[in-house]
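Report on one structure; see the data block that follows.
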Amino acid sequence: MGLFSAPEAPAKATRQEMSDAKLPLAYRDSCANLLIPLNQCRVDTYYLPWKCENERHSYEKCQYEEFKKRVAKMNELRAAKGGARSN
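In numbering that gives the first Met the number 0, the protein residues as written are 0 to 86.
Have a look at this one:
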């Protein structure tokens with residue numbers, strides 16, 4: 000990875016890893032690989048708010064990037080339908 004190149008996509012968590020970490024189904028998305036160590040850090044540090052900041056920031060950034068992808072996809076679908084909304 001170069002200085003200005005895009006970072007590699009992190010490895011996805013497997014279903015077994017998510018099950019072993021007892022992640023609720025609603026959180027088993029493409030960012031689950033970041034949520035598993037975040038939750039473990041939270042347990043290890045008794046949920047102290049100033050701990051696990053790097054893990055939390057990485058997870059929240061992943062969630063935000065996924066949200067932006069969904070919005071872009073929705074805008075693309077809306078443009079293909081001539082601006083008509085689905086609801």
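Don't be surprised by glycine CBs; every beta carbon is placed ideally from N, CA and C.
Hey, residue i and residue j: beta-carbon distance below 8 Å or not?
i          : j          : result
residue 31 : residue 12 : yes
residue 69 : residue 77 : no
residue 52 : residue 36 : no
Just tell me which of the options has its CA closest to the CA of residue i.
i          : options       : result
residue 26 : 67, 78 and 62 : 62
Applying the 10 Å Cβ sphere with the 16-neighbour rule, what's the burial state of residue i?
i          : result
residue 17 : buried
residue 33 : buried
When the Cα atoms are used, what is the spatial distance from residue i to residue j?
i          : j          : result
residue 28 : residue 57 : 14 Å
residue 66 : residue 79 : 20 Å
residue 73 : residue 64 : 14 Å
residue 46 : residue 75 : 40 Å
residue 4  : residue 50 : Confidence in residue 4 is poor, its pLDDT being 47 and thus under 50, which makes the residue's placement unreliable; the coordinate value appears in the next sentence. Rounded to the nearest angstrom, the two C-alpha atoms are 29 Å apart.
Could you confirm whether any beta carbon from chain C is found closer than 8 Å to the beta carbon of residue i?
i          : result
residue 24 : Considering every chain present, this structure includes no chain C. It has just one protein chain.
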